[in-house]
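Written out below as C-alpha coordinates is the structure these notes cover.
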Amino acid sequence: MLIFGKAVFHVMEVINTGRSVMDMLNELLNDLNRDDLSLIERLPYVREYERYRDVITNILREFHIALVLVRLTFNDGSRKGYVFLIRGGEGGELGKIPTSGVVEGYVVSIKGNDRRKLLYNSVAFNRADDVASRIMEFANMYRRAEERISQLQLLREAEKDYALFYEEAGD
(Lines of atoms letter the chains of each structure in order from A; the text may use other names.)
(Lines give C-alpha, C1' and ligand atoms only; values in the text may rest on other atoms or scores of the structure.)
Protein backbone atom coordinates (compact mmCIF):
# COMPACT_ATOMS: atom_id res chain seq x y z
CA MET A 23 0.00 0.00 0.00
CA LEU A 24 1.33 3.43 -0.94
CA ILE A 25 0.08 6.62 0.68
CA PHE A 26 0.44 9.95 -1.13
CA GLY A 27 -1.21 12.80 0.76
CA LYS A 28 -4.78 11.64 1.32
CA ALA A 29 -4.82 9.16 -1.56
CA VAL A 30 -4.17 5.49 -0.82
CA PHE A 31 -2.95 3.23 -3.61
CA HIS A 32 -2.86 -0.54 -3.24
CA VAL A 33 0.08 -2.18 -4.98
CA MET A 34 -0.86 -5.09 -7.19
CA GLU A 35 1.52 -8.02 -7.25
CA VAL A 36 2.00 -9.43 -10.77
CA ILE A 37 2.61 -13.17 -10.95
CA ASN A 38 3.41 -15.20 -14.05
CA THR A 39 1.67 -18.52 -13.37
CA GLY A 40 3.47 -20.39 -16.15
CA ARG A 41 0.15 -22.05 -16.94
CA SER A 42 -1.96 -21.72 -20.08
CA VAL A 43 -5.15 -19.79 -20.73
CA MET A 44 -6.93 -23.16 -20.92
CA ASP A 45 -5.96 -23.70 -17.25
CA MET A 46 -7.37 -20.24 -16.54
CA LEU A 47 -10.65 -21.15 -18.25
CA ASN A 48 -10.84 -24.33 -16.15
CA GLU A 49 -10.24 -22.22 -13.01
CA LEU A 50 -13.11 -19.94 -14.06
CA LEU A 51 -15.39 -22.92 -14.59
CA ASN A 52 -14.44 -24.20 -11.11
CA ASP A 53 -15.11 -20.76 -9.58
CA LEU A 54 -18.53 -20.67 -11.26
CA ASN A 55 -19.34 -23.91 -9.38
CA ARG A 56 -18.31 -22.59 -5.94
CA ASP A 57 -21.04 -22.52 -3.29
CA ASP A 58 -19.85 -19.18 -1.89
CA LEU A 59 -20.30 -17.32 -5.19
CA SER A 60 -22.56 -14.32 -4.52
CA LEU A 61 -22.42 -12.24 -7.72
CA ILE A 62 -21.34 -12.73 -11.31
CA GLU A 63 -21.06 -10.11 -14.02
CA ARG A 64 -19.77 -10.23 -17.56
CA LEU A 65 -18.91 -7.85 -20.35
CA PRO A 66 -19.95 -7.21 -22.97
CA TYR A 67 -23.44 -6.83 -21.54
CA VAL A 68 -26.26 -8.58 -23.29
CA ARG A 69 -29.86 -7.52 -23.64
CA GLU A 70 -32.43 -9.80 -22.06
CA TYR A 71 -33.44 -11.30 -25.40
CA GLU A 72 -29.82 -12.07 -26.42
CA ARG A 73 -27.64 -15.01 -25.55
CA TYR A 74 -24.11 -14.22 -24.40
CA ARG A 75 -22.54 -16.88 -26.59
CA ASP A 76 -24.25 -15.37 -29.63
CA VAL A 77 -22.97 -11.87 -28.80
CA ILE A 78 -19.37 -13.11 -28.46
CA THR A 79 -19.46 -15.24 -31.60
CA ASN A 80 -21.05 -12.37 -33.57
CA ILE A 81 -18.30 -10.00 -32.41
CA LEU A 82 -15.70 -12.58 -33.47
CA ARG A 83 -17.37 -12.98 -36.85
CA GLU A 84 -17.51 -9.24 -37.48
CA PHE A 85 -14.19 -8.07 -36.06
CA HIS A 86 -12.10 -11.26 -35.63
CA ILE A 87 -11.36 -10.09 -32.07
CA ALA A 88 -13.36 -10.23 -28.83
CA LEU A 89 -12.70 -9.16 -25.25
CA VAL A 90 -14.52 -11.18 -22.60
CA LEU A 91 -14.53 -9.90 -19.00
CA VAL A 92 -16.03 -11.86 -16.11
CA ARG A 93 -16.19 -10.53 -12.54
CA LEU A 94 -16.98 -12.88 -9.66
CA THR A 95 -17.72 -11.81 -6.09
CA PHE A 96 -17.70 -14.26 -3.21
CA ASN A 97 -19.45 -14.21 0.18
CA ASP A 98 -16.26 -13.13 2.00
CA GLY A 99 -16.05 -10.00 -0.20
CA SER A 100 -13.16 -11.26 -2.31
CA ARG A 101 -13.35 -10.73 -6.07
CA LYS A 102 -11.84 -12.21 -9.18
CA GLY A 103 -11.83 -10.65 -12.62
CA TYR A 104 -11.14 -12.91 -15.58
CA VAL A 105 -9.92 -11.29 -18.80
CA PHE A 106 -9.89 -13.18 -22.11
CA LEU A 107 -8.81 -11.66 -25.41
CA ILE A 108 -9.59 -13.79 -28.45
CA ARG A 109 -7.75 -12.62 -31.57
CA GLY A 110 -8.18 -14.14 -35.00
CA GLY A 111 -5.15 -14.87 -37.13
CA GLU A 112 -4.11 -13.01 -40.27
CA GLY A 113 -6.21 -15.17 -42.57
CA GLY A 114 -9.82 -16.13 -42.31
CA GLU A 115 -12.96 -14.80 -43.85
CA LEU A 116 -14.76 -11.84 -42.30
CA GLY A 117 -18.28 -12.79 -41.42
CA LYS A 118 -17.11 -16.15 -40.07
CA ILE A 119 -15.46 -17.16 -36.80
CA PRO A 120 -11.67 -17.02 -37.31
CA THR A 121 -10.17 -20.36 -38.25
CA SER A 122 -6.96 -19.62 -36.37
CA GLY A 123 -5.67 -17.19 -33.81
CA VAL A 124 -4.68 -16.83 -30.19
CA VAL A 125 -6.41 -16.50 -26.82
CA GLU A 126 -4.68 -14.38 -24.18
CA GLY A 127 -5.71 -13.90 -20.58
CA TYR A 128 -5.10 -13.00 -16.97
CA VAL A 129 -6.94 -12.91 -13.63
CA VAL A 130 -7.12 -10.02 -11.20
CA SER A 131 -7.68 -11.34 -7.67
CA ILE A 132 -8.63 -9.03 -4.78
CA LYS A 133 -9.00 -10.21 -1.21
CA GLY A 134 -8.80 -7.42 1.36
CA ASN A 135 -5.58 -5.51 0.66
CA ASP A 136 -4.10 -8.48 -1.22
CA ARG A 137 -4.25 -7.65 -4.93
CA ARG A 138 -2.76 -9.91 -7.57
CA LYS A 139 -2.65 -10.04 -11.31
CA LEU A 140 -2.09 -13.62 -12.44
CA LEU A 141 -0.70 -13.89 -15.97
CA TYR A 142 -1.37 -16.94 -18.14
CA ASN A 143 0.38 -18.09 -21.30
CA SER A 144 -1.46 -17.52 -24.57
CA VAL A 145 -2.90 -20.47 -26.45
CA ALA A 146 -3.12 -20.74 -30.22
CA PHE A 147 -6.13 -22.26 -31.95
CA ASN A 148 -6.33 -23.67 -35.45
CA ARG A 149 -10.01 -24.51 -35.76
CA ALA A 150 -13.06 -22.27 -35.41
CA ASP A 151 -14.88 -25.18 -33.74
CA ASP A 152 -12.38 -25.12 -30.85
CA VAL A 153 -13.27 -21.51 -30.02
CA ALA A 154 -17.00 -21.97 -30.53
CA SER A 155 -17.17 -25.06 -28.31
CA ARG A 156 -15.31 -23.34 -25.45
CA ILE A 157 -17.59 -20.29 -25.70
CA MET A 158 -20.61 -22.62 -25.50
CA GLU A 159 -19.15 -24.45 -22.50
CA PHE A 160 -18.47 -21.17 -20.68
CA ALA A 161 -21.93 -19.77 -21.52
CA ASN A 162 -23.66 -22.88 -20.16
CA MET A 163 -21.63 -22.81 -16.92
CA TYR A 164 -22.32 -19.10 -16.49
CA ARG A 165 -26.08 -19.61 -16.95
CA ARG A 166 -26.12 -22.43 -14.39
CA ALA A 167 -24.15 -20.27 -11.92
CA GLU A 168 -26.64 -17.40 -12.40
CA GLU A 169 -29.54 -19.77 -11.73
CA ARG A 170 -27.83 -21.16 -8.61
CA ILE A 171 -27.16 -17.65 -7.23
CA SER A 172 -30.81 -16.68 -7.85
CA GLN A 173 -32.02 -19.79 -6.03
CA LEU A 174 -29.70 -19.11 -3.07
CA GLN A 175 -30.94 -15.53 -2.86
CA LEU A 176 -34.54 -16.75 -2.85
CA LEU A 177 -33.70 -19.25 -0.09
CA ARG A 178 -32.02 -16.52 1.99
CA GLU A 179 -35.07 -14.27 1.60
CA ALA A 180 -37.37 -17.14 2.58
CA GLU A 181 -35.25 -17.84 5.67
CA LYS A 182 -35.53 -14.18 6.70
CA ASP A 183 -39.31 -14.30 6.20
CA TYR A 184 -39.58 -17.47 8.31
CA ALA A 185 -37.43 -15.93 11.06
CA LEU A 186 -39.59 -12.82 11.06
CA PHE A 187 -42.74 -14.97 11.19
CA TYR A 188 -41.49 -16.92 14.20
CA GLU A 189 -40.40 -13.73 15.98
CA GLU A 190 -43.88 -12.24 15.50
CA ALA A 191 -45.60 -15.48 16.49
CA GLY A 192 -43.58 -15.63 19.71
CA ASP A 193 -44.60 -12.14 20.86
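The number in the numbering used here is simply the position in the sequence shown, starting from 1, with 22 added. We put the beta carbon where it would ideally sit given N, CA and C, even for glycine.
| Query | Result |
| --- | --- |
| Would you mind working out which of THR79, ASN143 and ASP136 sits nearest ASP152, comparing C-alpha positions? | THR79 |
| Are at least three pairs of beta-carbons, each pair with one atom in the segment 130–138 and one in the segment 51–63, less than 8 Å apart? | no |
| Quick one: Cα of ILE37 to Cα of ALA88, how far? | 24 Å |
| Just the C-alpha distance for SER122 and SER100, rounded to the nearest angstrom, thanks. | 36 Å |
| On a CA-only basis, which of SER144, TYR67, ARG83 and LEU91 is nearest ASP45? Give me that one, please. | SER144 |
| Tell me whether TYR128 sits in a helix, a strand or coil according to DSSP, three-state version. | strand |
| Along the chain, where does the beta strand (DSSP E) that runs through THR121 open and close? | Neither: THR121 is in no beta strand (DSSP E) and is coded neither H nor E. |
| How many Å lie between MET34 and ASN97 at the Cα? | 22 Å |
| Please list, in chain order, all residues of the same chain as PRO120 whose beta carbon is under 7 Å from its beta carbon, the five residues on each side excluded. | LEU82, HIS86, GLY110, GLY111, GLY114 and ALA150 |
| Can you check which of these residues, GLU84, LYS118, SER131 and GLY117, is closest to VAL105 by C-alpha distance? | SER131 |
| Rounding to the nearest angstrom, what Cα-Cα distance links LEU140 and GLY40 in this structure? | 10 Å |
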